[in-house]
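Position 104 of the sequence shown, counted from 1, bears residue number 808 in the numbering used here, the numbering being contiguous throughout.
Idealized CB from N, CA, C, for every residue including glycine.
Some notes on the structure that comes next.
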Amino acid sequence: MRLSEAKTDYYRRKAREEGYKSRAAYKLLEAVKKYRLIKQGDRVVDMGAAPGGWLQVASEAVGQHGRVVGVDLSEIRLNLDNVQTLMMDIYDKTTLEKVRVLLDRPADVLLSDLSPKISGAWDLDHYKQIDLVLRSFELADDILRKGGNCMMKLFDGERFLEARKEAERRYATVVVMKPKASRGESSEMYLVCLGKRT
Ligand SMILES: C[S@@+](CC[C@H](N)C(=O)[O-])C[C@H]1O[C@@H](n2cnc3c(N)ncnc32)[C@H](O)[C@@H]1O
């Protein structure tokens with residue numbers, strides 16, 4: 705077994721043992737610990753949330769006085785008091801209205817682990833994935849409070865700088881993060897964006 709496969713296997717097993725829906729949970733946990741991305745009582749919106757590993761981590765991080773709303777094309781089966789989910793497309797114009805109904809105030813944090821269906825044609829997958837990132841920034845413009853934070857998955861490639869520029873225009877601090885739980889050879893990375901400017 706290659707080292708990167710062993711690592712993926714390790715996090716998959718750990719997720720099963722610790723009751724997380726996906727090994728992706730450890731990527732968010734790392735960002736929460738390192739950057740204090742989410743705080744107790746926060747309102748969090750998670751775009752591309754199925755099967756729900758990030759929702760579980762966010763639920764713990766916001767605690768009983770916080771709220772988390774997850775959006776995905778797929779159904780999410782999760783029963784947590786402070787989490788609600790919507791089966792919707794993030795390109796649907798009514799998605800934000802529906803999210804707003806579930807939140808009692810602007811969000812403090814927006815998460816996006818969105819990934820298109822992988823075709824294997826790398827350039828095309830990268831192109832579509834960056835479109836999802838740019839859409840997530842637009843949604844964050846509308847739903848996130850001033851000073852709020854976000855974390856976005858990115859597939860590395862020629863549009864990486866375009867996405868990072870959008871992040872830097874909007875947030876005071878932008879950090880590129882390669883979580884330990886990401887596969888070594890994977891081109892995925894995350895932008896952790898702190899302090900929305902307006
Ligand atoms: C890598 S998974 C997310 C894993 C999740 N963070 C977790 O911890 O379980 C990416 C998700 O993005 C969703 N997705 C892709 N395009 C979408 C769209 N246009 N609207 C909503 N969800 C979308 C997919 O359905 C998929 O479930």
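>> With H, G and I counted as helix, E and B as strand and the rest as coil, what does DSSP make of Arg747?
In response: Taking the sequence shown and counting its residues from 1, one reaches residue 747 at position 43. Three-state DSSP puts Arg747 in a strand.
> Taking the alpha-carbon positions, what's the Val748 to Asp827 distance?
Replying inline: Counting from one through the sequence shown, the residue named residue 748 turns up at place 44. Counting from one through the sequence shown, the residue named residue 827 turns up at place 123. Between the alpha carbons of Val748 and Asp827 lies a distance of about 31 Å.
> DSSP three-state call for Gly757: helix, strand or coil?
Replying inline: Residue mapping note: residue 757 aligns to position 53 of the sequence shown, counting from 1. In this structure, Gly757 counts as helix in the three-state DSSP scheme.
> For Tyr894, does the three-state DSSP call read helix, strand or coil?
Replying inline: Residue 894 sits at position 190 when you count from the first residue of the sequence shown. Looking at Tyr894 - three-state DSSP - the assignment turns out to be strand.
> How should Leu777 be labelled, buried or exposed, when 16 other C-beta atoms within 10 angstroms of its C-beta is the threshold for buried?
Replying inline: For the purposes of this step, residue 777 is taken as the residue at position 73 of the sequence shown. Counting Cβ neighbours within 10 Å, Leu777 comes out exposed, since fewer than 16 surround it.
>> For Asp713, count the other beta carbons within 10 Å of its own beta carbon; 16 or more makes it buried, fewer makes it exposed. Which is it?
In response: Locating residue 713 in the sequence shown gives position 9, where the first residue counts as 1. Asp713 comes out exposed.
> Any heavy atom of ligand 1 closer than 6 Å to the Cβ of Ser890?
Replying inline: Against the sequence shown, residue 890 aligns to sequence position 186. Ser890 Cβ: outside cutoff for every heavy atom of ligand 1.
>> Just checking: is the beta-carbon of Tyr831 within a distance shorter than 7 Å of some beta-carbon in chain C?
In response: Reference to chain C is not applicable here, since this structure consists of a single protein chain.
> So which of Arg839, Asn783 and Ile847 has the shortest CA-CA distance to Ile910?
Replying inline: In the structure displayed, the chain extends from 705 to 902; residue 910 sits before or after that span and is not available.
> How about Pro810: is its Cβ closer than 6 Å to a heavy atom in ligand 1?
Replying inline: In the sequence shown, residue 810 corresponds to position 106, counting from 1. No, Cβ of Pro810 sits at least 6 Å from all heavy atoms of ligand 1.
> Where does Ser819 sit, in a helix, a strand or coil, going by DSSP?
Replying inline: Position 115 of the sequence shown holds residue 819. It is coil, neither helix nor strand.
>> On the DSSP letters alone, give me the boundaries of the alpha helix (DSSP H) that Thr799 sits inside.
In response: Locating residue 799 in the sequence shown gives position 95, counting from the first residue. Its alpha helix (DSSP H) spans residues Thr799 to Leu806.
>> Less than 8 Å between C-beta atoms, sequence neighbours within five positions excluded: which residues of the same chain meet that for Val766?
In response: Translated into the one-based positions of the sequence shown, residue 766 becomes position 62. So the list reads Ile742, Lys743, Gln744, Gly745, Asp746, Arg747, Val748, Val772 and Asn786, once near-sequence residues are dropped.
>> Output needed for Gly756: all residues of its chain with C-beta closer than 6 Å, excluding positions within five of it in sequence on either side, in chain order.
In response: Locating residue 756 in the sequence shown gives position 52, where the first residue counts as 1. Contacts found: Lys725, Ile780 and Leu782.
> Can we count Pro883 as close to ligand 1, meaning its CB is less than 6 Å from some heavy atom?
Replying inline: Indexing the sequence shown from 1 puts residue 883 at position 179. Flag unset: Cβ of Pro883 not near ligand 1.
> Could you give the distance in angstroms between the alpha-carbon of Val837 and the alpha-carbon of Ala844?
Replying inline: Sequence index remark: in the sequence shown, residue 837 carries index 133 (1-based). Sequence index remark: in the sequence shown, residue 844 carries index 140 (1-based). Answer to the nearest angstrom: the Cα atoms are 10 Å apart.
>> Using a 10 Å radius around the Cβ and a threshold of 16 neighbouring Cβ atoms, would you call Thr789 buried or exposed?
In response: What you label residue 789 is simply residue 85 of the sequence shown in a count that begins at 1. Under this definition Thr789 is a buried residue.
>> In whole angstroms, give me the CA-to-CA distance for Thr902 and Ala710.
In response: As a position in the sequence shown, residue 902 is number 198, starting the count at 1. As a position in the sequence shown, residue 710 is number 6, starting the count at 1. Roughly 43 Å separates the two Cα atoms.
>> Once DSSP output is grouped into helix, strand and coil, what is the label at Tyr875?
In response: Counting from 1 along the sequence shown, the entry for residue 875 is found at position 171. Strand at Tyr875.
> Is the closest heavy atom of ligand 1 to the C-beta of Asp817 under 6 Å?
Replying inline: The residue given as residue 817 occupies position 113 in the sequence shown. It does: the Cβ of Asp817 is within 6 Å (strictly closer) of some heavy atom of ligand 1.
> So Lys731 and Pro883 are in contact, right, with Cβ under 8 Å, and what is the actual spacing, rounded?
Replying inline: Position 27 of the sequence shown, counting from 1, holds the residue named residue 731. Position 179 of the sequence shown, counting from 1, holds the residue named residue 883. Their Cβ separation, rounded to whole angstroms, is 4 Å, which keeps Lys731 and Pro883 in contact under 8 Å.
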